[in-house]
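Residue numbers (the working numbering): 61 to 184. This report refers to the structure that appears directly beneath it.
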Ligand code: HEC
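This is the structure:
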């Protein structure tokens with residue numbers, strides 16, 4: 061006996077598959093916000109020393125307050141120009157340079173860093 065209706069190949073296989081593909085491409089970018097260029101670079105090049113939140117609570121620098129970028133206590137100046145220069149040229153013997161980055165990439169990192177500093181100071 062035949063079932064009362066048949067969905068056919070496309071309806072049973074192709075449509076659900078299409079749904080999964082659409083969900084995974086459209087849905088995820090809604091659920092997991094994309095990281096900005098600045099955040100990606102910060103995570104890749106800075107977070108291991110300064111921490112994801114820029115407070116410097118990383119194993120290597122636990123009691124070294126110079127690595128805390130959120131404390132308003134800057135050796136090299138807290139303005140965006142000064143931070144950009146530190147990021148570009150590094151600090152001899154202490155922090156690596158990033159001379160392969162473009163001015164726009166450095167600006168993007170500074171912008172992300174300033175957001176982290178604002179976040180940290182809101183809760184202090
Ligand atoms: C290998 C560890 C390391 C990495 C990676 C690193 N830093 Fe640093 N950074 C330091 C140390 C240590 C200091 C303190 C230098 C000093 O003694 O003045 C510092 C200082 C700074 C300062 C100056 C703080 C001040 O007091 O004026 C800024 C801004 C900064 N880092 C931002 C960054 C950013 C942004 C990145 C990623 C592009 C980065 N750092 C990557 C270790 C690191």
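Note that CB positions come from ideal geometry on N, CA and C, so glycine has one too.
According to DSSP, which residues form a beta bridge with residue i?
i: residue 155; result: 151
According to DSSP, is residue i helix, strand or coil?
i: residue 109; result: helix
i: residue 115; result: coil
i: residue 123; result: coil
i: residue 76; result: helix
i: residue 138; result: coil
i: residue 164; result: helix
i: residue 101; result: helix
i: residue 131; result: coil
i: residue 94; result: coil
Can you find a heavy atom of the ligand GTP that lies under 6 Å from the Cβ of residue i?
i: residue 74; result: The ligand GTP is not part of this structure, which contains only the ligand HEC.
Within this structure, are the beta carbons of residue i and residue j separated by less than 7 Å?
i: residue 121; j: residue 169; result: no
Could you tell me how far apart the beta carbons of residue i and residue j are, in whole angstroms, since I believe they sit closer than 8 Å?
i: residue 96; j: residue 172; result: 6 Å
i: residue 148; j: residue 157; result: 7 Å
i: residue 126; j: residue 135; result: 6 Å
i: residue 116; j: residue 128; result: 4 Å
i: residue 130; j: residue 177; result: 5 Å
i: residue 113; j: residue 180; result: 6 Å
i: residue 144; j: residue 167; result: 7 Å
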